[in-house]
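Visitor: Sharing a structure with you now.
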């Protein structure tokens, strides 16, 4: 669908596929027939530029017809915009795009659920480049201060952003130590290991602590010419690249 649209953030979408699949298939309490249920778990895609991955999984789950992936992704008057729109797409919990704002919204959702005594868990997926945003750390401080043990953040750490390798642009490491200093519980996992992700996400938060899982991932995972290349953060594909990607992913 990204090739047909001629746009889309394909590299960062591929790096988080397993994370989103495990959340929706194994972890989160959601019902595609009741997308606005008050007791549903929430996923906020704070790295909103990777909406292509979220749309694909939502369609697979039955939140909307899969044909829309090809008919309306980044199309004039289409509902599936390059960044997720909560007013247009069932299952999208927050309109995101400006980095740092998604995790802030997730903190607010988690606080509201606890205040209302609802058995709701809130998940947020962030990028590694997003860790350079000051708003992320304001949200981290607020989550720990309010003891939000119903909040789990996952960092898709593929070490690549639009302008280069994250470690070269502005290195956020040591990330685990920083989150611990802010009062979070911290775990690390291979972000492409489905079994490891499921086991990690099934763990309960420590009492009165938000939790962050730092997932080591590969930009453009599964496509030979994309893997680890920051140039595929946001770029269109040629027909030849598209055909090779189909071969690499077994989708031809």
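Numbering (the working numbering), first residue to last: 43 to 294.
Virtual Cβ for every residue (Gly too), placed ideally from N, Cα, C.
Bear in mind that the values here come from a model prediction, so they are computed numbers and not experimental data.
What is the C-beta distance between residue 62 and residue 96, in whole angstroms, given that I count them as a contact (C-beta under 8 angstroms)?
Guide: About 6 angstroms; that satisfies the 8 angstroms criterion.
Visitor: Any contact of the segment 166 to 176 with the segment 86 to 101, i.e. 3+ C-beta pairs under 8 angstroms?
Guide: These segments touch.
Visitor: If residue 260 sits next to residue 269, beta carbons under 8 angstroms apart, how far is it from one beta carbon to the other, in whole angstroms?
Guide: At roughly 5 angstroms, the Cβ-Cβ gap stays under 8 angstroms, so residue 260 and residue 269 are in contact.
Visitor: Just grab the DSSP bridge partners of residue 169 for me.
Guide: Per DSSP, 198.
Visitor: When you compare the segment 233 to 243 with the segment 65 to 83, are there three or more beta-carbon pairs, one atom per stretch, that lie closer than 8 angstroms?
Guide: At 8 angstroms Cβ cutoff, the stretches touch.
Visitor: On the DSSP bridge assignment, give the partners of residue 228 in chain order.
Guide: Bridge partners of residue 228: 254.
Visitor: Inspect the CB distances between the segment 173 to 188 and the segment 143 to 157 and report whether three or more fall short of 8 angstroms.
Guide: At 8 angstroms Cβ cutoff, the stretches touch.
Visitor: Three-state secondary structure (DSSP) at residue 129?
Guide: In the structure shown, residue 129 sits in coil (DSSP, three-state: anything other than H, G, I, E or B).
Visitor: For a quick check, are the C-beta atoms of residue 131 and residue 121 less than 7 angstroms apart?
Guide: Cβ atoms of residue 131 and residue 121: closer than 7 angstroms.
Visitor: Pick out whichever of 275, 80, 252, 272 has its Cα sitting closest to the Cα of residue 196.
Guide: Closest by alpha carbon: 252.
Visitor: For residue 171, which residues in the same chain have their Cβ closer than 6 angstroms to its Cβ, ignoring the five residues on either side in sequence?
Guide: Within the same chain, residue 171 has close Cβ partners 203, 208.
Visitor: Identify whether residue 272 lies in helix, strand or coil by the three-state DSSP scheme.
Guide: Reduced to three states, the DSSP call for residue 272 is helix.
Visitor: So the candidates are 212, 272, 266, 271; which of them puts its Cα closest to the Cα of residue 283?
Guide: The candidate whose alpha carbon is nearest that of residue 283 is 266.
Visitor: Which value, in whole angstroms, describes the spacing of the CA atoms of residue 199 and residue 143?
Guide: Residue 199 and residue 143: Cα-Cα distance of roughly 18 angstroms.
Visitor: Is the CB-CB distance between residue 173 and residue 146 below 7 angstroms?
Guide: It is not a contact, given that the beta carbons lie outside the stated cut-off.
Visitor: Excluding sequence positions up to five away, which residues of its chain have a Cβ less than 8 angstroms from the Cβ of residue 211?
Guide: Taken in chain order, the residues that qualify are 171, 174, 203, 205.
Visitor: Can you give me the start and stop residues for the alpha helix (DSSP H) that residue 281 sits inside?
Guide: Start and end: 281 to 290.
Visitor: Express the C-alpha separation of residue 141 and residue 87 in angstroms, rounding to a whole number.
Guide: So the two alpha carbons sit approximately 10 angstroms from each other.
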